[in-house]
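**Q** Chains A and B, in that order, are what the protein sequence lines are.
Going letter by letter, the first sequence gives residues 1 to 233 in my numbering.
Going letter by letter, the second sequence gives residues 234 to 452 in my numbering.
Shown below is the structure under consideration.
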Amino acid sequence: MAGFDKVVSSYQEALAGLEDNMTVLAGGFGLCGIPENLIAEIKRKGTKGLTVVSNNCGVDDFGLGILLPNRQIKKIIASYVGENAEFERQMMAGELEVELTPQGTLAEKMRAGGAGIPAFYTATGYGTPVAEGKEERNFNGRNYILEPAIVGDFAIVKAWKADRYGNLVFRKTARNFNPLAATAGKITVVEVEHIVEPGELDPDQIHTPGIYVNRLIQGTFEKRIEQRTIRQA
Amino acid sequence: MALSREQIAQRVAQELKDGYYVNLGIGIPTLVANYVPKGIEVMLQSENGLLGMGQFPTEAEIDADLINAGKQTVTMAKGASIFDSAESFAMIRGGHVDLTVLGAFEVDVNGNIASYMIPGKLIKGMGGAMDLVAGAENIIVTMTHASKHGESKLLPACTLPLTGKNCIKKVLTDLALLEIKHGKFHLLERAPGVSVEEIANLTAGELIIPAHVPEMRFA
Numbered sequence: 001m002a003g004f005d006k007v008v009s010s011y012q013e014a015l016a017g018l019e020d021n022m023t024v025l026a027g028g029f030g031l032c033g034i035p036e037n038l039i040a041e042i043k044r045k046g047t048k049g050l051t052v053v054s055n056n057c058g059v060d061d062f063g064l065g066i067l068l069p070n071r072q073i074k075k076i077i078a079s080y081v082g083e084n085a086e087f088e089r090q091m092m093a094g095e096l097e098v099e100l101t102p103q104g105t106l107a108e109k110m111r112a113g114g115a116g117i118p119a120f121y122t123a124t125g126y127g128t129p130v131a132e133g134k135e136e137r138n139f140n141g142r143n144y145i146l147e148p149a150i151v152g153d154f155a156i157v158k159a160w161k162a163d164r165y166g167n168l169v170f171r172k173t174a175r176n177f178n179p180l181a182a183t184a185g186k187i188t189v190v191e192v193e194h195i196v197e198p199g200e201l202d203p204d205q206i207h208t209p210g211i212y213v214n215r216l217i218q219g220t221f222e223k224r225i226e227q228r229t230i231r232q233a
Numbered sequence: 234m235a236l237s238r239e240q241i242a243q244r245v246a247q248e249l250k251d252g253y254y255v256n257l258g259i260g261i262p263t264l265v266a267n268y269v270p271k272g273i274e275v276m277l278q279s280e281n282g283l284l285g286m287g288q289f290p291t292e293a294e295i296d297a298d299l300i301n302a303g304k305q306t307v308t309m310a311k312g313a314s315i316f317d318s319a320e321s322f323a324m325i326r327g328g329h330v331d332l333t334v335l336g337a338f339e340v341d342v343n344g345n346i347a348s349y350m351i352p353g354k355l356i357k358g359m360g361g362a363m364d365l366v367a368g369a370e371n372i373i374v375t376m377t378h379a380s381k382h383g384e385s386k387l388l389p390a391c392t393l394p395l396t397g398k399n400c401i402k403k404v405l406t407d408l409a410l411l412e413i414k415h416g417k418f419h420l421l422e423r424a425p426g427v428s429v430e431e432i433a434n435l436t437a438g439e440l441i442i443p444a445h446v447p448e449m450r451f452a
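In structure tokens form, the structure reads like this:
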């Protein structure tokens, strides 16, 4: 690596320094826009005791779900975890700690974490189990709860295209949590479908500036579809 | 006759107005998109980061990078925009969405809603529902009026863990359209052929019944 060039040559190098019991933020919504090869590398590496922050936890054999059979995830912070039998088994058996977090609060926790804001007030979750143990405050006649921000030791992100400096462009709804996770990792690792030279991306069209990105790698992606719904042509 | 799922969606669709930005929850609310009245335009917000959700794709149009909040493959409508999850919930929390339609297990006379968790059973999570009920001014809850065993889901107080507190003002069930205000349910309309008595018997929370309760009309 030289200067602002963030490109690394292997997935092993991309996740160097990831150790047991760290916190990992992951982009993706369902299976859409997930850093599938970085997740596969965590599985291969065998890192354990992870706290994973992600909207969902994949399915049994794809996405973050593949980290479950070897008990690599100790705790998950997510908004919806429905589609996964092994997940359900570990959760019901008390082997996996699950912190359910409203989706907008989860996004804002990452955004705030990346922006140096330690906590924020939100009306979401007031008067519900989510509010338990949290500070409450009334602003202009409305009740809010204080939600702490989240930062990760690592953030794993999937983008569509990047230049070598780590400027990122996402594609369609594969964007979702990815730009937020990218800001909130102490080490942010991004995998993309295409890498171009600096200057080739229009600065006006960059979604995530390279300042947030530490390591960049080009991969090939399965992009599995969770619910294939079609209409007749 | 109790309303079918399609009829519930049709009745909700009558609440749509030209130029509305609308978030439709998973299940019956999704069907509302099929009954947008002719001559008006609405734009559907999908909380995973799409404003201007289109219909399902043809086989040839399928794109793994383009899904809705139910993780179904979709297309983009003309004039659509894409954004990240924080931006999506800024729209929702900031009160910019004109109408939200979502399902529930229970609602009560104080506008509380329980929709995401049955203790002891599988807990899948609230997704965006807590943000939606806390952020939206105009919410319609769609649900069945009572369980299969005849137990009311319109209660004096919710028994399940809440998704939101004091936030629901309008409920459409398979039997009736109701408003919630001043700590009571108010009967606005009844499903065709359903008597006021039947609705009253299946409403556990206090119910105000006006002298005349019109039947719902379907075009």
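Quick reminder that beta carbons are idealized off the backbone N, C-alpha and C, glycines included.
Please list, in chain order, the chain B residues whose beta carbon lies closer than 8 Å to that of A123(A).
**A** R326, A367, G368
**Q** Quick one: what does DSSP say I187(A) is sitting in, helix, strand or coil?
**A** strand
**Q** Are D296(B) and G33(A) touching if we call contact CB-CB under 9 Å?
**A** no
**Q** Please decide whether Q305(B) counts as near chain A, where near means a Cβ-Cβ distance under 9 Å.
**A** yes
**Q** Output yes if chain A places a C-beta closer than 9 Å to the C-beta of I372(B); else output no.
**A** no
**Q** Could you check where the alpha helix (DSSP H) with K109(A) kicks off and where it finishes?
**A** For K109(A), the enclosing alpha helix (DSSP H) starts and ends at 103 to 114.
**Q** Do the region 241 to 253 of chain B and the region 273 to 288 of chain B touch if we need at least three Cβ pairs shorter than 8 Å?
**A** With the cut-off at 8 Å, the region 241 to 253 of chain B and the region 273 to 288 of chain B touch.
**Q** Less than 9 Å between CB atoms is the rule here; does D331(B) satisfy it with respect to chain A?
**A** Using a CB distance cut-off of 9 Å, D331(B) does not count as an interface residue toward chain A.
**Q** Tell me whether the beta-carbon of T23(A) lies closer than 9 Å to the beta-carbon of D153(A).
**A** yes
**Q** Please confirm whether E280(B) has its beta-carbon closer than 9 Å to some beta-carbon of chain A.
**A** Taking Cβ atoms only, chain A reaches closer than 9 Å to E280(B), which makes this a yes.
**Q** Residues of chain B with a CB under 8 Å from the CB of S79(A): which are they?
**A** G358, M359, G360, G361
**Q** Throw me the rounded Cβ distance for the L216(A) and V7(A) pair, which I believe falls under 8 Å.
**A** 5 Å
**Q** Specify whether the region 435 to 444 of chain B and the region 375 to 390 of chain B touch according to this definition: at least 3 beta carbon pairs, one from each stretch, less than 8 Å apart.
**A** With a cut-off of 8 Å on Cβ pairs, the region 435 to 444 of chain B is in contact with the region 375 to 390 of chain B, counting three or more such pairs.
**Q** Just to confirm my understanding: we take V213(A), look at its own chain, exclude 5 residues before and 5 after, and list those with CB closer than 6 Å. What are they?
**A** K6, G166, T188, V190
**Q** So within the region 35 to 76 of chain A, which uninterrupted beta strand (DSSP E) runs reach at least 3 residues, ignoring any that extend past its ends?
**A** If you keep only unbroken beta strand (DSSP E) runs of at least 3 residues inside the region 35 to 76 of chain A, you get 50 to 53.
**Q** A131(A) by DSSP, collapsed to three states: which one?
**A** helix
**Q** Rounding to the nearest angstrom, what Cα-Cα distance links I211(A) and I441(B) in this structure?
**A** 60 Å
**Q** Can you give the Cα-Cα distance for A390(B) and V340(B), rounded to whole angstroms?
**A** 8 Å
**Q** Which one or two residues does DSSP pair with K403(B) in a beta bridge?
**A** Note: K403(B) sits in a beta bridge opposite I373(B), E412(B).
**Q** Please say whether V366(B) and I346(B) have beta carbons closer to each other than 9 Å?
**A** Going by C-beta atoms, I346(B) is nearer than 9 Å to V366(B).
**Q** For G219(A), which residues in the same chain have their Cβ closer than 6 Å to its Cβ, ignoring the five residues on either side in sequence?
**A** Hits under 6 Å: N37, E191.
**Q** Using a C-beta to C-beta distance shorter than 7 Å, which residues of chain B count as neighbours of N176(A)?
**A** N281, G282, D317, S318
**Q** Tell me, to the nearest whole angstrom, how far the beta carbon of M309(B) is from that of L283(B); I am working on the premise that it is less than 8 Å.
**A** The C-beta distance from M309(B) to L283(B) rounds to 7 Å, short enough to meet the 8 Å contact threshold.
**Q** If you run the structure through DSSP and keep just helix, strand and coil, what is I145(A)?
**A** strand
**Q** Kindly confirm or deny that the region 121 to 131 of chain A and the region 139 to 156 of chain A touch, where touching means at least three C-beta pairs closer than 8 Å.
**A** yes
**Q** Which chain B residues sit within Cβ distance under 7 Å of E226(A)?
**A** K304
**Q** Taking only three categories from DSSP, how would you classify N178(A)?
**A** helix
**Q** Cβ of M276(B) less than 9 Å from any chain A Cβ?
**A** no
**Q** Helix, strand or coil: which one does DSSP assign to Y268(B)?
**A** In this structure, Y268(B) counts as helix in the three-state DSSP scheme.
**Q** DSSP on F289(B), reduced to helix/strand/coil?
**A** coil
**Q** Any Cβ of chain B within less than 9 Å of the Cβ of N167(A)?
**A** Not closer than 9 Å to any Cβ of chain B, the Cβ of N167(A) fails to qualify, so no.
**Q** Please tell me whether L300(B) and F29(A) are closer than 9 Å, where the distance is taken between their beta carbons.
**A** Per the sequence shown, the amino acid found at residue 300(B) is Ile instead of Leu. Against a cut-off of 9 Å, the Cβ pair of F29(A) and I300(B) comes out as a contact.
**Q** Listed in chain order, which residues of the region 28 to 61 of chain A have Cβ atoms closer than 8 Å to some Cβ of chain B?
**A** Of all residues in the region 28 to 61 of chain A, F29, G30, L31, C32, G33, N55 have a Cβ within less than 8 Å of some Cβ in chain B.
**Q** Determine the DSSP secondary structure at D153(A), reduced to helix, strand or coil.
**A** strand
**Q** Got a sec: is the Cβ-Cβ distance from T128(A) to anything in chain B below 9 Å?
**A** Yes, because at least one Cβ of chain B sits closer than 9 Å to the Cβ of T128(A).
**Q** Work out the CA separation of F322(B) and C57(A) for me, nearest whole Å.
**A** 20 Å
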